[in-house]
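Report on one structure; see the data block that follows.
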Amino acid sequence: MKDEELQLRTVNVTRYVTPLREGGSLPAIAEADDQFLYVLKFRGAGQGTKALIAELIGGEIARLLGLRVPEIVFANLDVAFGRIEGDEEIQDLLKASVGLNLALHYLSGSITFDPLATRIDDPLASQIVWLDCLLMNVDRTARNTNMLWWHKELWLIDHGAALYFHHSWNDWSDPQKPFPLVKNHVLLLQAKALDKVSETFVPLLTKERIQNIVSLIPEEWLTTEGSPFATTLEHRNAYTQFLVNRVANADFFVKEAQYARAALI
1 MKDEELQLRT VNVTRYVTPL REGGSLPAIA EADDQFLYVL KFRGAGQGTK
51 ALIAELIGGE IARLLGLRVP EIVFANLDVA FGRIEGDEEI QDLLKASVGL
101 NLALHYLSGS ITFDPLATRI DDPLASQIVW LDCLLMNVDR TARNTNMLWW
151 HKELWLIDHG AALYFHHSWN DWSDPQKPFP LVKNHVLLLQ AKALDKVSET
201 FVPLLTKERI QNIVSLIPEE WLTTEGSPFA TTLEHRNAYT QFLVNRVANA
251 DFFVKEAQYA RAALI
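So the sequence shown is residues 1 to 265, counted in UniProt numbering.
What follows is the structure in structure tokens.
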């Protein structure tokens, strides 16, 4: 039986609530026409649509693997939305972000995960390290864990810094592309079960399921200036091929993470 085709809801932003000043992308809490609050990621921010693509792919792969991620939606921003905003920097960001953006459901009352205050079990830590090695996510460090503690459960957020090769597309097709920055992962010391996690996760990440996730990328996000691909189809297929190759060579990044962990012990 084939997997069902994935779909994301689309909402219309109705109210800009407050900026979140963490990082350089200036995300914001915003309200949509479904009456829910979202953390809105703007296409007009510094990394542009590439950060949104990484957020979308990373978040939906994490969800497929059974990890907790807030609902991801497409968020449409009307051309008139930023006219009443008083802050010029935010007004410029809103004007540059007209159209389709990305948003995550706002987990009201959540707190930033602190591994010193709240301990998670080693299998979960191993799952998260495995995911971030697959995605080459450089932004899950002690300084910025990009995890939230909500209702006594751990939630993953902000995968916008993953898949960083797509900012240049250099050596993207290398099936054993190194990820040395795994040494900085906040959960690396707890990642004692990477081999077992790999045995579970690799069969889940079939080519069909990866294609389903990549197919969610809006066409307009793939038409960026300076793209090395002749067509958006080639661009989309490159993401699929990178992830398929990465999964097929999971033993390589697992061993890389294990060596990095051994160096810390």
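Where a beta carbon is used, it is the ideal one built from N, C-alpha and C, also for glycine.
It should be emphasised that the depicted structure is a prediction, and the values quoted were computed from it without experimental measurement.
{"Check": "Going by C-alpha to C-alpha distance, which of E220, A257, P123, W172 sits closest to K196?", "Outcome": "P123"}
{"Check": "So F74 is in the beta strand (DSSP E); what residue range does that whole segment cover?", "Outcome": "72–77"}
{"Check": "Check whether the Cβ atoms of F179 and C133 lie closer than 8 Å to each other.", "Outcome": "yes"}
{"Check": "If A191 and A257 are in contact, beta carbons under 8 Å, what's the gap, nearest whole angstrom?", "Outcome": "6 Å"}
{"Check": "Suppose the cutoff is 7 Å on Cβ atoms and the five residues either side in sequence are ignored; what does the same chain contact list for M1 look like?", "Outcome": "Reliability fails at M1, whose pLDDT of 39 lies under 50, so the model's placement of it is uncertain and the value that follows must be treated cautiously. Excluding positions up to five away in sequence, the list is empty."}
{"Check": "Going by C-alpha distance, which of V186, E89, G109, L222 is nearest H151?", "Outcome": "G109"}
{"Check": "Please say whether A75 and N101 have beta carbons closer to each other than 8 Å?", "Outcome": "yes"}
{"Check": "So what does DSSP say about T14, is it helix, strand or coil?", "Outcome": "strand"}
{"Check": "Using three-state DSSP, classify H159 as helix, strand or coil.", "Outcome": "coil"}
{"Check": "Please return the same chain residues whose Cβ sits closer than 7 Å to the Cβ of R68, not counting the five positions on each side in sequence.", "Outcome": "E153, L154, W155, L156"}
{"Check": "Since L65 contacts Q7 with CB under 8 Å, what's their CB separation in whole angstroms?", "Outcome": "The Cβ separation is near 19 Å, so there is no contact."}
{"Check": "Which of the three DSSP states, helix, strand or coil, is assigned to Y38?", "Outcome": "strand"}
{"Check": "Nearest-angstrom Cα distance between T145 and L187?", "Outcome": "9 Å"}
{"Check": "Taking the Cβ atom as the reference point for each residue, do R37 and V17 lie within a distance shorter than 8 Å?", "Outcome": "The sequence given here places Leu at residue 37; Arg does not occur at that position. Taking 8 Å as the Cβ cut-off, L37 and V17 qualify as a contacting pair."}
{"Check": "What separation, rounded to the nearest whole angstrom, lies between the Cα atoms of A262 and D251?", "Outcome": "16 Å"}
{"Check": "Please confirm whether H159 and N137 have their CB atoms less than 8 Å apart.", "Outcome": "yes"}
{"Check": "Could you check the C-alpha separation between Q91 and P27 for me, to the nearest Å?", "Outcome": "13 Å"}
{"Check": "What residues in its chain sit with their C-beta under 7 Å from that of E31, if we drop five residues either side in the sequence?", "Outcome": "T14, R15, V17, L37"}
{"Check": "Please tell me whether W149 and I111 are closer than 8 Å, where the distance is taken between their beta carbons.", "Outcome": "yes"}
{"Check": "Quick one: using the 10 Å Cβ neighbour count with 16 as the cut-off for buried, is A125 buried or exposed?", "Outcome": "buried"}
{"Check": "Can you give the beta carbon distance from V39 to I29, rounded, assuming they're within the 8 Å contact cut?", "Outcome": "6 Å"}
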